[in-house]
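Participant:
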Amino acid sequence: MTVTSTEPSSEILQQRQTLHLCTAGSVDDGKSTFVGRLLHDTKSILADQLSAVERTSRERGLEHPDLSLLVDGLRAEREQGITIDVAYRYFSTARRTFILADTPGHVQYTRNTVTGVSTSEVVVLLSDARHGIVSQTKRHLAVAALLGIKHVVLAVNKIDLVDYSASIFETIRDEFVELARSKGITDVQVIPISALLGDNVVNPSEHTPWYDGPTVLGYLEEVEVHTQNTNSENSTGFRFPIQYVIREGSQDYRGYAGRITSGEIAVGDSVDLGQERSATVTHIDSSDGALNIAGVDESVVLRLSAENDLARGDLIAASDRPEDTTIFEATIVGLSEQSLRAKSKLKIRYGTSLLQARLVGITSVLDIDTSTEHEAQTVELNDIATVKIQLAQPLPIDLYNAQGRVGSFLLIDPSDGNTLAAGMVSDLNPS
Amino acid sequence: MRETATTLSPHLKDLENESLQILREAAGQFDKIALLFSGGKDSVVVFELARRAFAPAQVPFELLHVDTGHNFSEVIKFRDDLVERTGARLRVAKVQDWIDRGELKERPDGTRNPLQTVPLVETIEEQGYDAVLGGARRDEERARAKERIFSVRDNFGGWDPRRQRPEIWNLYNGGHLPGENIRVFPISNWTETDIWEYIGARGIELPPIYFAHEREVFERDGMYLTAGDWGGPKKGETLETKKVRYRTVGDMSCTGAVLSEASTIDDILTEISTSTLTERGATRADDRLGESSMEDRKKEGYF
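Residue numbers (UniProt numbering), protein chains in the order written: chain B, 1 to 431; chain W, 1 to 303.
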């Protein structure tokens, strides 16, 4: 048997118990208040945290406890009433456990949104009912679409300030659904909320009888999220970048440790090691002992039949292993204040490989407000650009998949190690 | 005290898969690594994950204990037994040595937790560690909620929240300049509940002071502290015997016990779920010093 299954096992198809989500909104949309409300109403806030919030709110002369104080982390932020950076929150209900990446709306919006979205399955955008969909909303949506997010919620906040108007809500809803569809996102839920008063965040509101959909939490508890996209016709087969080679002399043990980035593997499967080499998987070792089969996202150790000298950075793959490539096209997002120019010498981290690379050329930079592309000499912080990249050595590279597990990479400054850009492989045969 | 090991819930399995990836990434990217080990439950879990990440081989890095000298004897015994049992390599940096050399001064309140920073940063420099693993969790505290999994520290061990790299997907960038080092936090995404469920499911041994026991304690600032050479009880504070347990383990002078009947892991999970205080709020005087005390200590090189 040399067939490596690319069909996800039933285990992988199970509803995920852990949901990763990300919140984004522009300044003053009340996002911190929303996150504070979500934590407060799911009873994730304990007495010592709440009393600190109440004390500070009183000191500032506020009428209600300011729940945004629960999530504004650093002193610099509390003093200025802003959010500097992505923060992570944890809460759970009887149905699910949630890991929330809370991304700020103003400075470096694209950089932070990309960071939050990259580890999320669901994106919750906030908008102010009085202002509707603003350019920031469109940008956040564009970033979500770019990274392949399938589920988006728009929480239309401050609905109390427009007297719980159904018609204002419906106008925003229709515009947003249309916009999301145009970007290829089909699972869209628009929910009227007041984060300040708690309407439809965790508890259904009495003030929106015209709305019969779920609350935000209700949606998050029910949304169906799978680790592997089962609908995709050309789903990627087994991919396993080697992280570390485990050797134990006395037991003559040699195993390849890593985390499965795509597909699944079973004992007895044949794997393609590149350069016309192949082997059979003899053992799958894991934290739970020996396994017969393992799927995407699992950290395992593979032992192979044939003698070989694989090392960190090498790829173990199914029979659909990609060809070794030295040049490809990609969409990148500028993450650093240092601009990227054509001909720049860089390092690239792809999977577990780290090697020299060069930015051959900048094809175009996307204007996210107008969805048009224009020529540019540099890629600046927060820019989304199409570029061509050349590698110093050939690598087996895949197209980006929506989970970001394959075809994703970082561009790194070779002088100080800083991350300059995040990239998604878009074309393996660029003209 | 130990329940029978069971299989992991899907949520714990997700967390374990992520932590194993982070530990192997650290071993693959760095030359000389230390795992900060206090004998507290979080560092014990990180060590257990490391053993699982590299089995059947030995964990490819040493343990580093920054010892305040104000230790619970049960925790030191636990640490030494663990080293004996697992064959781990242990290095101890003693705050007392820095005090004896006149390089650190005892604080008026007797607390030595903030004094750990200098020995930590100097040991990193002296040993040439390019990465230090720690058991910090993002749910512990607001400054930690913004911490990266791979966190860059400057020559002085300092944390600059504005200089942190964005972490995209699960690609961890350990690049750094000579003299800088990376702090790696493999259990960033775990909560206190996750830690206890994992300890139960994997049958992990802990120091006995985590479980309810009779102890002579005295009350200070609403916390129950254990008597010791570090400066307690003072005049007016009376020793009494209470049934308590520790939710966190640190310097004796600032780690308080909570009144508890929880003698098993299941009891503890029930206790946490009904507690109205966070673990640090309930038991750590060092976090009560001010609203930003963790942020300030991190900037100086603390975990």
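Note that beta-carbon positions come from the ideal geometry of N, C-alpha and C, so glycine has one too.
Using 8 Å as the threshold, is the C-beta distance between ARG85(W) and LEU63(W) below it?
Facilitator: No. Outside cutoff.
Participant: Should SER336(B) and LEU410(B) be called a contact, given that it needs their Cβ atoms to be closer than 8 Å?
Facilitator: Cβ atoms of SER336(B) and LEU410(B): not closer than 8 Å.
Participant: Where ALA421(B) and GLU276(B) are concerned, what is the direct C-alpha to C-alpha distance, given to the nearest angstrom?
Facilitator: The alpha-carbon atoms of ALA421(B) and GLU276(B) are separated by roughly 33 Å.
Participant: Residues in its own chain within less than 8 Å of ALA306(B) by CB, not counting five upstream and five downstream?
Facilitator: For ALA306(B), where only same-chain residues beyond five positions count, the Cβ hits under 8 Å are ARG277, SER278, ALA279, THR280.
Participant: Is there a C-beta anywhere in chain B that falls below 8 Å from the one on ARG153(W)?
Facilitator: False, the Cβ-Cβ gap to chain B never drops below 8 Å.
Participant: Do the CB positions of VAL35(B) and HIS151(B) come within less than 8 Å of each other?
Facilitator: Not closer than 8 Å, so no.
Participant: Should LEU355(B) and ALA392(B) be called a contact, given that it needs their Cβ atoms to be closer than 8 Å?
Facilitator: It is a contact, given that the beta carbons lie within the stated cut-off.
Participant: What is the DSSP secondary structure of VAL217(W), counted as helix, strand or coil?
Facilitator: Note: VAL217(W) maps to strand in three-state DSSP.
Participant: Should GLN21(W) be flagged as near chain B, meaning a C-beta pair shorter than 8 Å?
Facilitator: Interface residue, yes.
Participant: Would you kindly check if the distance between the Cβ of ALA180(B) and the Cβ of ASN157(B) is under 8 Å?
Facilitator: No; because the gap between Cβ atoms is not below 8 Å, this pair is not in contact.
Participant: What is the residue span of the beta strand (DSSP E) that LYS242(W) lies within?
Facilitator: Start and end: 240–246.
Participant: By the 9 Å beta-carbon criterion, what residues does the region 192–206 of chain B contribute toward chain W?
Facilitator: Flagged: no residues at all.
Participant: Any beta carbon of chain W sitting closer than 8 Å to that of ASN418(B)?
Facilitator: Judged by the 8 Å Cβ criterion, ASN418(B) is in contact with chain W.
Participant: Decide if ASN173(W) is buried, meaning its Cβ has at least 16 other Cβ atoms within 10 Å, or exposed.
Facilitator: Under this definition ASN173(W) is a buried residue.
Participant: Output needed for SER57(B): all residues of its chain with C-beta closer than 8 Å, excluding positions within five of it in sequence on either side, in chain order.
Facilitator: Only HIS64, PRO65, ASP66, LEU69 meet the Cβ criterion.
Participant: Go ahead and label ASP309(B) buried or exposed: buried means 16 or more other beta carbons lie within 10 angstroms of its beta carbon, across all protein chains shown.
Facilitator: ASP309(B) is exposed by the Cβ-count criterion.
Participant: So that I know if they touch, is there some Cβ in chain B lying closer than 8 Å to that of HIS11(W)?
Facilitator: HIS11(W) counts as touching chain B.
Participant: Let's see if you can read the secondary structure: which residues bound the beta strand (DSSP E) around VAL245(B)?
Facilitator: From DSSP, the beta strand (DSSP E) with VAL245(B) extends over 239–248.
Participant: Where DSSP assigns a beta bridge to ALA93(W), which residues make up the other side?
Facilitator: The partner list for ALA93(W) (beta bridge, DSSP) reads VAL66(W).
Participant: Kindly provide the ranges of any beta strand (DSSP E) runs that are 3 or more residues long and lie completely inside the region 124–166 of chain B, ordered along the chain.
Facilitator: Listed in chain order, they are 151–157.
Participant: Taking 8 Å as the cut-off, decide whether the C-beta atoms of THR200(W) and GLY301(W) are in contact.
Facilitator: The sequence given here has Gly at residue 200(W), not Thr. It is not a contact, given that the beta carbons lie outside the stated cut-off.
Participant: Can you tell me whether ALA17(W) is helix, strand or coil according to DSSP?
Facilitator: Just to set this straight, residue 17(W) is Asn in the shown sequence, not Ala. Of the three classes helix, strand and coil, the one that applies to ASN17(W) here is helix, per DSSP.
Participant: Check whether chain W comes within 8 Å of ILE246(B), counting only Cβ atoms and requiring the distance to be less than that.
Facilitator: True, the Cβ-Cβ gap to chain W drops below 8 Å.
Participant: What are the residues in the region 249–268 of chain B lying within 7 Å of chain W by C-beta distance?
Facilitator: Here the close residues are GLN251, TYR253, ALA257, ARG259.
Participant: Note down, in chain order, each residue of its chain lying with its Cβ closer than 8 Å to the Cβ of ARG139(B), except the 5 sequence neighbours on either side.
Facilitator: Here the set comprises TYR109, THR110, THR113, ILE368, ASP369.
Participant: Does the CB of TRP159(W) have a neighbour CB from chain B at under 8 Å?
Facilitator: Closer than 8 Å: no.
Participant: How should GLU121(B) be labelled, buried or exposed, when 16 other C-beta atoms within 10 angstroms of its C-beta is the threshold for buried?
Facilitator: Buried, because 16 or more other Cβ atoms sit within 10 Å of the Cβ of GLU121(B).
Participant: Name the chain B residues that come within less than 9 Å of ILE199(W), Cβ to Cβ?
Facilitator: Residues of chain B passing the Cβ test: none, with the nearest at roughly 14 Å.
Participant: Whose C-alpha, out of THR68(W), ARG215(W), PRO208(W), is nearest the C-alpha of ASP81(W)?
Facilitator: When only C-alpha atoms are compared, the closest one is PRO208(W).
Participant: Pairing CB atoms from the region 258–269 of chain B with CB atoms from the region 206–216 of chain B, are three or more of them under 8 Å?
Facilitator: Because the criterion of three Cβ pairs below 8 Å is not met, the region 258–269 of chain B and the region 206–216 of chain B do not touch.
Participant: Excluding the 5 residues flanking GLY40(W) on each side, which residues of the same chain have their C-beta closer than 6 Å to its C-beta?
Facilitator: Closer than 6 Å at Cβ, skipping near neighbours: VAL249.
Participant: Could you tell me which of GLU54(B), GLU221(B), LEU147(B), SER205(B) sits nearest to TRP169(W), measuring between CA atoms?
Facilitator: Residue LEU147(B) is the option with its Cα nearest to TRP169(W).
Participant: Given a limit of 7 Å on CB to CB distance, which residues of the region 295–315 of chain B reach chain W?
Facilitator: Going along the region 295–315 of chain B in chain order, one finds ASP297, GLU298, SER299, ARG312 with a Cβ nearer than 7 Å to chain W.
Participant: Taking only runs that begin and end inside the region 148–220 of chain W, name each unbroken beta strand (DSSP E) of 3 or more residues, in chain order.
Facilitator: Listed in chain order, they are 150–153, 181–184, 213–220.
Participant: So is GLN14(B) buried or exposed if we call it buried at 16+ other beta carbons inside 10 Å?
Facilitator: At GLN14(B) the pLDDT is 46, less than 50, meaning the model places this residue with poor confidence and gives no usable figure here.
Participant: So what does THR280(B) bridge to, in DSSP terms?
Facilitator: THR280(B) is bridged to SER270(B).
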